[in-house]
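> Residues 16 to 359, numbered by the numbering used here, are exactly what the sequence shown covers, in order.
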Amino acid sequence: MTKREVVHAVLRHERPPYVPWSFRFTREAKDALAQYLGVPDPLCMLDNHLVELGSDIGFFTDSGIDQYRDVFGVVWDRSVDKDIGIVRGCVLLEPTLRDYEFPDPLDRRFYEDIPDKLARYPDCFRVFCLGFSLFERAWTLRGLETLLLDFYDHPEFVRELLNSVADYNIAQVKKALEYDIDAVYFGDDWGQQRGLIMGYPLWREYLYPVLQRMYDAVRAAGKRVVIHCCGDVDELFDDLIKLGVDCFNPFQPEVMDVESLLPKYRRRLSFWGGLSTQRLLPFATPAEVRRATRRLIELGTDGGYILSPAHAVEGDVPLENMLAFIEVVGRQAAFKAISGRGVC
16 MTKREVVHAV LRHERPPYVP WSFRFTREAK DALAQYLGVP DPLCMLDNHL
66 VELGSDIGFF TDSGIDQYRD VFGVVWDRSV DKDIGIVRGC VLLEPTLRDY
116 EFPDPLDRRF YEDIPDKLAR YPDCFRVFCL GFSLFERAWT LRGLETLLLD
166 FYDHPEFVRE LLNSVADYNI AQVKKALEYD IDAVYFGDDW GQQRGLIMGY
216 PLWREYLYPV LQRMYDAVRA AGKRVVIHCC GDVDELFDDL IKLGVDCFNP
266 FQPEVMDVES LLPKYRRRLS FWGGLSTQRL LPFATPAEVR RATRRLIELG
316 TDGGYILSPA HAVEGDVPLE NMLAFIEVVG RQAAFKAISG RGVC
């Protein structure tokens, strides 16, 4: 089976020949791994089973030292967080879209890397990525605290904003479907360390129907729906299954009982993640990392699971701990890295 076929088997809730994996790294962690391996792009050597397509959030403009502007006009300060950053300022000062113009969802920059990546990773499961796909996009434009108040003070504005964001995303999905992709990945954080940011009633009233529209656009084309949502949100799993979600990421062990949730939902929902990036990877020994990785592989043997750190590996993770989980997933991948072969 190709890597693409193995992931399809996982999402069909079949027992795969082995547990597939797909690792992600922040810039600092990736640079450390690249320096150790002596290659410009260490991801080429890890045998990841997923290839991520598109430009996700749309960071195309450098607005100065550590300042980046996304296509929606939101300015991000990357002086600390080098990958995404912290929102500076507010785009929608008032609860109206009257004077705001949405960016072009068909901007060629979102799609120009797709043919090259499909050629470089022909046997991988192909995922078109949409970052900040609903709630996050709304609050980055309006401000988090202000948007939460808008749910109560300006409900019709919130509905208009969310549906306008969904229209933008659906246009991107339709364009991405012109390529031979397998899934669309929607990134949107709804959770905290404990519970939902907005609470379940507001999530169900405002987000659920809009999510249904977006996910239906993917499922109508016969493709898979993959979502990323940080935080303590397992109370939503039954709703997400009804919405047609196939795979949930990042599956955080700090806020979820991975040991019980994976077998409970194995035949209805697949998971991608599970290896602790908050506690284990930065602070454990390499032996502890290897032990935790082997345990996740054991849990995923019957299917419904793609192995990965719960989030992109951060720069505070020791190189030895990165190499520990890489080593466990496959001797061939580790051998390529150690010997310097397999560089792309």
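Just so it is clear, CB atoms sit at the ideal spot from N, CA and C, and this is done for glycine as well. For clarity, every value in this text was computed on a predicted model and none was experimentally measured.
Given a threshold of 16 other Cβ atoms within 10 Å of its Cβ, counted over all protein chains shown, does A236 qualify as buried or as exposed?
Locating residue 236 in the sequence shown gives position 221, where the first residue counts as 1. That one is exposed.
> Only counting the same chain, and skipping five residues up and downstream in sequence, which positions put a Cβ closer than 7 Å to that of P265?
Taking the first residue of the sequence shown as position 1, residue 265 is located at position 250. Counting only Cβ-Cβ distances below 7 Å, and skipping sequence neighbours, we find H243, C245, G288, A325, H326.
> For the beta strand (DSSP E) containing R141, name the first residue and the last one.
Start at 1 with the first residue of the sequence shown, and residue 141 comes out as number 126. 140-145 is the extent of the beta strand (DSSP E) around R141.
> If we ignore side chains and look at the alpha-carbon of each, how far apart do H64 and G318 end up?
Counting from one through the sequence shown, the residue named residue 64 turns up at place 49. Counting from one through the sequence shown, the residue named residue 318 turns up at place 303. C-alpha separation (whole angstroms): 15 Å.
> Which same chain residues, not among the five before or five after D98, have their C-beta less than 6 Å away from its C-beta?
By one-based count along the sequence shown, residue 98 stands at place 83. Taken in chain order, the residues that qualify are T41, R42.
> What are the boundary residues of the beta strand (DSSP E) that A198 is part of?
Mapped onto the sequence shown, residue 198 falls at position 183. Taken as a continuous stretch (DSSP letters only), the beta strand (DSSP E) holding A198 covers 198-202.
> Tell me, which residues are paired with S148 by DSSP?
The sequence position of residue 148 within the sequence shown is 133, counting from 1. Partner(s): none; S148 has no beta bridge.
> Check each candidate in F150, F201, E109, L52 and name the one with the smallest Cα separation from W218.
In the sequence shown, counting from the first residue as 1, residue 218 sits at position 203. Of F150, F201, E109, L52, the residue nearest in Cα terms is F150.
> Could you give the DSSP three-state label for L8: helix, strand or coil?
Not covered by the structure: residue 8. The range shown for the chain is 16 to 359.
> Between which residues of its own chain and D85 is the CB-CB distance below 6 Å, once the five residues before and five after are set aside?
Position 70 of the sequence shown holds residue 85. Closer than 6 Å at the Cβ level, and outside the excluded window around D85, lie I72, G73, F74.
> Between the beta-carbon of M229 and the beta-carbon of V188, is there less than 9 Å?
Along the sequence shown, read from residue 1 onward, the residue named residue 229 stands at position 214. Along the sequence shown, read from residue 1 onward, the residue named residue 188 stands at position 173. For M229 and V188, yes; Cβs fall inside 9 Å.
> Mapping DSSP to helix, strand and coil, what is S323?
In the sequence shown, residue 323 corresponds to position 308, counting from 1. Here S323 sits in strand by DSSP.
> Rank P170, R103, L176 by C-alpha distance to the C-alpha of E116 and give the top, closest one.
As a first step, residue 116 must be located in the sequence shown, where it is residue number 101. Nearest of P170, R103, L176 to E116, Cα basis: L176.
> What residue range does the alpha helix (DSSP H) around D168 cover?
As a first step, residue 168 must be located in the sequence shown, where it is residue number 153. Taken as a continuous stretch (DSSP letters only), the alpha helix (DSSP H) holding D168 covers 159-168.
> Should the stretch 191-208 be regarded as contacting the stretch 132-151, the criterion being three or more beta carbon pairs within less than 8 Å?
As far as the Cβ criterion goes, the stretch 191-208 touches the stretch 132-151, which means the pair count is three or higher.
> Bridge partners of F40, per DSSP?
As a working note, residue 40 is residue 25 in the sequence shown. Looking at the DSSP assignment, F40 forms a beta bridge with V328.
> Closest by CA to N184, which one among I312, A232, A307?
Start at 1 with the first residue of the sequence shown, and residue 184 comes out as number 169. Nearest of I312, A232, A307 to N184, Cα basis: A232.
> Hey, is the stretch 306-315 in contact with the stretch 42-55, meaning 3+ C-beta pairs nearer than 8 Å?
The stretch 306-315, when compared against the stretch 42-55, does not touch it at the 8 Å Cβ threshold.
> Between which residues of its own chain and R294 is the CB-CB distance below 7 Å, once the five residues before and five after are set aside?
Your numbering for residue 294 matches position 279 in the sequence shown. Contacts found: E269.
> Can you list, in chain order, the residues of its chain whose CB lies under 8 Å from that of F87, leaving out five sequence neighbours each side?
As a position in the sequence shown, residue 87 is number 72, starting the count at 1. Once the five neighbours on either side are set aside, the close Cβ partners of F87 are G73, V106, F117, P118, R152, T155, L156.
> Going by C-alpha distance, which of G158, E171, K45, G330 is nearest R103?
Translated into the one-based positions of the sequence shown, residue 103 becomes position 88. It is G158 whose Cα lies nearest to the Cα of R103.
> Measure the C-alpha to C-alpha separation of R27 and V90 and round it to an integer number of angstroms.
Here residue 27 refers to the residue found at position 12 of the sequence shown. Here residue 90 refers to the residue found at position 75 of the sequence shown. Whole-angstrom Cα-Cα distance: 40 Å.
> How would you label G315, buried or exposed, when you count the other beta carbons within 10 angstroms and need 16 or more for buried?
Within the sequence shown, numbered from 1, the residue matching residue 315 stands at position 300. Flag for G315 reads buried.
> Let's test the definition: count the other Cβ atoms within 10 Å of the Cβ of E274 and tell me whether it reaches 16, buried, or not, exposed.
For the purposes of this step, residue 274 is identified with residue 259 of the sequence shown, where counting begins at 1. With fewer than 16 other Cβ atoms within 10 Å, it is exposed.
> Which residue comes first and which comes last in the beta strand (DSSP E) that contains G288?
Here residue 288 corresponds to residue number 273 of the sequence shown, with the count starting at 1. That run of the beta strand (DSSP E) goes 285-290.
> Check the C-beta distance from D81 over to S70 and give it rounded, since I have them as a contact under 8 Å.
Position 66 of the sequence shown holds residue 81. Position 55 of the sequence shown holds residue 70. D81 to S70, Cβ: 20 Å. No contact.
> Taking the beta carbon of Y167 as the centre, do at least 16 other beta carbons fall within 10 Å, making it buried, or is it exposed?
On the sequence shown, residue 167 is found 152 positions in, with the first residue counted as 1. By the 10 Å Cβ count, Y167 comes out exposed.
> Which residue comes first and which comes last in the alpha helix (DSSP H) that contains H243?
Here residue 243 corresponds to residue number 228 of the sequence shown, with the count starting at 1. Per DSSP, H243 belongs to no alpha helix (DSSP H); it is in the beta strand (DSSP E), 239-243.
> Quick check on the DSSP output: the beta strand (DSSP E) that includes I101 runs from which residue to which?
Residue 101 sits at position 86 when you count from the first residue of the sequence shown. Run containing I101: 101-103, per the beta strand (DSSP E) assignment.
> If you draw a straight line from the alpha carbon of D272 to that of L133, how long is it in whole angstroms?
Here residue 272 refers to the residue found at position 257 of the sequence shown. Here residue 133 refers to the residue found at position 118 of the sequence shown. Taking the straight line from one Cα to the other gives about 35 Å.
> Please report how far the alpha carbon of L61 lies from the alpha carbon of F38, in whole angstroms.
Position 46 of the sequence shown, counting from 1, holds the residue named residue 61. Position 23 of the sequence shown, counting from 1, holds the residue named residue 38. Roughly 8 Å separates the two Cα atoms.
> Measuring alpha carbon to alpha carbon, tell me which of L334, F286, E329 ends up nearest E300.
As a working mapping, residue 300 is identified with position 285 in the sequence shown. It should be noted that the sequence gives Thr, not Glu, for residue 300. The shortest C-alpha separation from T300 is found at L334.
> Could you give the distance in angstroms between the alpha-carbon of V142 and the alpha-carbon of K45?
To locate residue 142, count along the sequence shown from 1; it is residue 127. To locate residue 45, count along the sequence shown from 1; it is residue 30. Their backbone Cα atoms lie some 20 Å apart in a straight line.
> In this structure, does DSSP put W205 in helix, strand or coil?
As a position in the sequence shown, residue 205 is number 190, starting the count at 1. If DSSP states are grouped into helix, strand and coil, W205 belongs with coil.
> Within this structure, are the beta carbons of L211 and E171 separated by less than 9 Å?
Along the sequence shown, one-based indexing puts residue 211 at 196. Along the sequence shown, one-based indexing puts residue 171 at 156. No. Outside cutoff.
> Are there 16 or more other CB atoms within 10 angstroms of the CB of P278, so buried, or fewer, so exposed?
In the sequence shown, the residue the question calls residue 278 occupies position 263. P278 is exposed by the Cβ-count criterion.
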